[in-house]
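*Asks:*
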Amino acid sequence: MVGKMGLQLVRLIVTLALIRSAARSTDAISIPEGSLARRDVFVRGGSSPIEPNPNYPHETPPFTTLGQLEDDGYQLQKKSAGSHYTYQDNLSGKSRRPRPLSEVVVEFFLSLRKLSPTLYYLSLSVIATFLFWQLQMPQLVRMLQNHFICSRHNVIRHGRVHAVFLSAISHASLVHMLLNLYGLLTFGPSVRKSIARAGLPLWPFVFGACLSSSAVFLALCPQGACFGLSGVTLALLAFYARANPSNILGFMVGFIPIRMPAEYALTGILVMSLFGVLTKGSRDGVAHATHLGGLIFGVTYFELFVRGWLTSNRPWFFRWNNLNLLSTKS
């Protein structure tokens, strides 16, 4: 009697276990209407009833099980009793304010001074001279016209040779100044780094570019006058393009952005400068001769540099320490 009851109890337990197992394997999840577009289908249990084709491996499994959600700690929160889910976003928190603009500008110039004193003082000189032009004081404007503009009237007739160099830092237009400063700070650090490997400073390059661009302008434009840093920036661009011919440069022609290798850009600007000198001179308000002089100097300096003719050991190449040494001996 007891044996029969025990056997029936065992059968009952086994039957209930089988029924429970079948119910778990066939339990359906209620997927609200409209949520069938979701990629993840949650299947109760530890594995998906669909096996992926081994010949077409998936980067991520097509179905996500509830067990994986629990193990990986997914944080899904119901927005309401409906089928919508929402994630925590960062809109509720307070966003960080940027640093003050004055602090950013000061930090930039301090880092520029550490990088290259030549670029630092040249940039400050350009900005200061531009501000002087904006004051519109008669005596100050007359002084700027006599000493900060390169022309045969100033340089040759009145002997103001310093105007050859001072005209480079003179800008009356904000756009003109910003474009030249952009070119200076874009190509200047690269050129400084290249020539510094041979122990050469950057300031002779800048003075040479000023002299070359102004000399070509005075020779080709007897009736004109020029000012601006374009000769120096194009000399830097020419050196950079010869040293890095395949680097991509970006330009804006009107409102059209153009990207091309540096060597193509150098060739294009050189052709445009030659065409401008031969056809327009300076009548269109652009000092094509100054641009041409800067490009010629940059290319010539690079060719002399790569051939080893420009080194700190050359007796004809004077540096500040050589000048100080000569002054102490005399």
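As numbered in mature numbering (1 follows the signal peptide of the UniProt record, and there is no 0), residues -28 to -1, 1 to 302 make up the sequence shown, in order. Note that CB positions come from ideal geometry on N, CA and C, so glycine has one too.
Considering only the alpha carbon of each residue, which of L172, G180, Y154 lies closest to L138?
*Replies:* Position 166 of the sequence shown, counted from the first residue, corresponds to residue 138. Here the closest residue by C-alpha is G180.
*Asks:* Count the other CB atoms, across all protein chains shown, that sit within 10 Å of the CB of T101; report buried if there are 16 or more and exposed otherwise.
*Replies:* On the sequence shown, position 129 is the one that residue 101 refers to. T101 should be labelled buried.
*Asks:* Where does the unbroken alpha helix (DSSP H) through I99 begin, and where does it stop?
*Replies:* Residue numbering aside, residue 99 sits at position 127 when the sequence shown is read from its first letter. Element bounds for I99: 89 to 106.
*Asks:* Please state whether the Cβ-Cβ distance between A207 and H125 is less than 9 Å.
*Replies:* The residue you call residue 207 lines up with position 235 of the sequence shown. The residue you call residue 125 lines up with position 153 of the sequence shown. Taking 9 Å as the Cβ cut-off, A207 and H125 do not qualify as a contacting pair.
*Asks:* Can you name the start and end residues of the beta strand (DSSP E) that G223 belongs to?
*Replies:* Within the sequence shown, the letter at position 251 stands for residue 223. For clarity, residue 223 is Phe in the given sequence; the question names Gly instead. That run of the beta strand (DSSP E) goes 220 to 225.
*Asks:* List the endpoints of the continuous beta strand (DSSP E) containing R231.
*Replies:* Taking the sequence shown and counting its residues from 1, the one referred to as residue 231 is at position 259. Per DSSP, R231 belongs to the beta strand (DSSP E) from 228 to 233.
*Asks:* At which residue ranges does the stretch 175 to 216 contain complete alpha helix (DSSP H) runs of 4 or more residues, listed in the order of the chain?
*Replies:* Entirely contained in the stretch 175 to 216, the alpha helix (DSSP H) runs reaching 4 residues are, in chain order, 175 to 192, 202 to 215.
*Asks:* Rounded to the nearest angstrom, how far is the Cβ of S185 from that of T262, given a contact under 8 Å?
*Replies:* Within the sequence shown, residue 185 is the residue found at index 213, counting from 1. Within the sequence shown, residue 262 is the residue found at index 290, counting from 1. Contact holds; Cβ gap of about 4 Å.
*Asks:* Contact between the stretch 158 to 173 and the stretch 268 to 286 is defined here as three or more beta-carbon pairs at a separation below 8 Å; is this criterion met?
*Replies:* Yes, the stretch 158 to 173 touches the stretch 268 to 286.
*Asks:* Who are the near neighbours of A237 in its chain, counting only those whose CB is closer than 8 Å to its CB and skipping five residues on each side?
*Replies:* Looking up residue 237 in the sequence shown gives position 265. Only L209, A213, L221, F223 meet the Cβ criterion.
*Asks:* To the nearest whole angstrom, what separates the beta carbons of A215 and F177, a pair I think is in contact under 8 Å?
*Replies:* Residue numbering aside, residue 215 sits at position 243 when the sequence shown is read from its first letter. Residue numbering aside, residue 177 sits at position 205 when the sequence shown is read from its first letter. The Cβ separation is near 13 Å, so there is no contact.
*Asks:* Please confirm whether V188 and L264 have their CB atoms less than 9 Å apart.
*Replies:* For the purposes of this step, residue 188 is taken as residue 216 along the sequence shown, with counting starting at 1. For the purposes of this step, residue 264 is taken as residue 292 along the sequence shown, with counting starting at 1. Yes; because the gap between Cβ atoms is below 9 Å, this pair is in contact.
*Asks:* Is the beta carbon of V258 sitting closer than 9 Å to the one on G248?
*Replies:* One-based indexing of the sequence shown puts residue 258 at position 286. One-based indexing of the sequence shown puts residue 248 at position 276. Going by C-beta atoms, V258 is nearer than 9 Å to G248.
*Asks:* Excluding the five sequence neighbours on either side, which residues of its own chain have a C-beta within less than 8 Å of the C-beta of Y92, listed in chain order?
*Replies:* Looking up residue 92 in the sequence shown gives position 120. Excluding residues within five positions, the ones whose Cβ falls inside 8 Å are F81, L84, R85.
*Asks:* Would you mind stating whether L192 and V127 have Cβ atoms separated by less than 9 Å?
*Replies:* If you number the sequence shown from 1, residue 192 lands on position 220. If you number the sequence shown from 1, residue 127 lands on position 155. Going by C-beta atoms, L192 is not nearer than 9 Å to V127.
*Asks:* Got a sec: is the Cβ-Cβ distance from S95 to anything in chain B below 9 Å?
*Replies:* Note that chain B does not occur in the displayed structure, where there is just one protein chain.
*Asks:* Spatial neighbours of T283 within its chain, please: C-beta separation below 8 Å, excluding the five flanking residues on both sides.
*Replies:* Translated into the one-based positions of the sequence shown, residue 283 becomes position 311. Cβ neighbours of T283 beyond the five flanking positions: A170, G171, L172, F289.
*Asks:* Less than 9 Å separating the beta-carbons of R140 and G203?
*Replies:* For the purposes of this step, residue 140 is identified with residue 168 of the sequence shown, where counting begins at 1. For the purposes of this step, residue 203 is identified with residue 231 of the sequence shown, where counting begins at 1. Correcting the residue type first, residue 140 is Ala in the shown sequence and not Arg. Contact flag set, yes.
*Asks:* In three-state terms, what does DSSP make of S142?
*Replies:* Position 170 of the sequence shown holds residue 142. S142 falls in the coil class under three-state DSSP.
*Asks:* Helix, strand or coil: which one does DSSP assign to S123?
*Replies:* Along the sequence shown, one-based indexing puts residue 123 at 151. Looking at S123 - three-state DSSP - the assignment turns out to be strand.
*Asks:* Sorted by chain position, which residues of the same chain lie with C-beta nearer than 7 Å to L246's C-beta, five sequence neighbours on each side aside?
*Replies:* In the sequence shown, residue 246 corresponds to position 274, counting from 1. Counting only Cβ-Cβ distances below 7 Å, and skipping sequence neighbours, we find L264.
*Asks:* Helix, strand or coil: which one does DSSP assign to T283?
*Replies:* For the purposes of this step, residue 283 is identified with residue 311 of the sequence shown, where counting begins at 1. It is coil, neither helix nor strand.
*Asks:* Please state whether the Cβ-Cβ distance between V77 and N152 is less than 9 Å.
*Replies:* Locating residue 77 in the sequence shown gives position 105, where the first residue counts as 1. Locating residue 152 in the sequence shown gives position 180, where the first residue counts as 1. Their beta carbons are not under 9 Å apart, which means V77 does not touch N152 by this criterion.
*Asks:* Tell me which residues share the same chain as K252 and place their Cβ nearer than 7 Å to its Cβ, disregarding the 5 neighbours each side in the sequence.
*Replies:* Residue 252 sits at position 280 when you count from the first residue of the sequence shown. Counting only Cβ-Cβ distances below 7 Å, and skipping sequence neighbours, we find H260.
*Asks:* Starting from A261, trace the alpha helix (DSSP H) in both directions and tell me its first and last residue.
*Replies:* Translated into positions along the sequence shown, residue 261 becomes position 289. Counting along the chain, the alpha helix (DSSP H) containing A261 begins and ends at 260 to 278.
*Asks:* What does the alpha-carbon distance come out to for the pair M232 and C122?
*Replies:* As a working note, residue 232 is residue 260 in the sequence shown. As a working note, residue 122 is residue 150 in the sequence shown. Roughly 33 Å separates the two Cα atoms.
*Asks:* For S88 and L157, I'd like the C-alpha separation in whole angstroms.
*Replies:* Indexing the sequence shown from 1 puts residue 88 at position 116. Indexing the sequence shown from 1 puts residue 157 at position 185. Each residue's Cα considered, the two are about 10 Å apart.
*Asks:* Do F104 and F199 have their C-beta atoms within less than 9 Å of each other?
*Replies:* Within the sequence shown, the letter at position 132 stands for residue 104. Within the sequence shown, the letter at position 227 stands for residue 199. No, Cβ-Cβ distance for F104 and F199 is not below 9 Å.
*Asks:* Give the straight-line distance between the Cα atoms of L174 and F277, rounded to the nearest whole angstrom.
*Replies:* Taking the first residue of the sequence shown as 1, we reach residue 174 at position 202. Taking the first residue of the sequence shown as 1, we reach residue 277 at position 305. Their Cα atoms are separated by approximately 13 Å.
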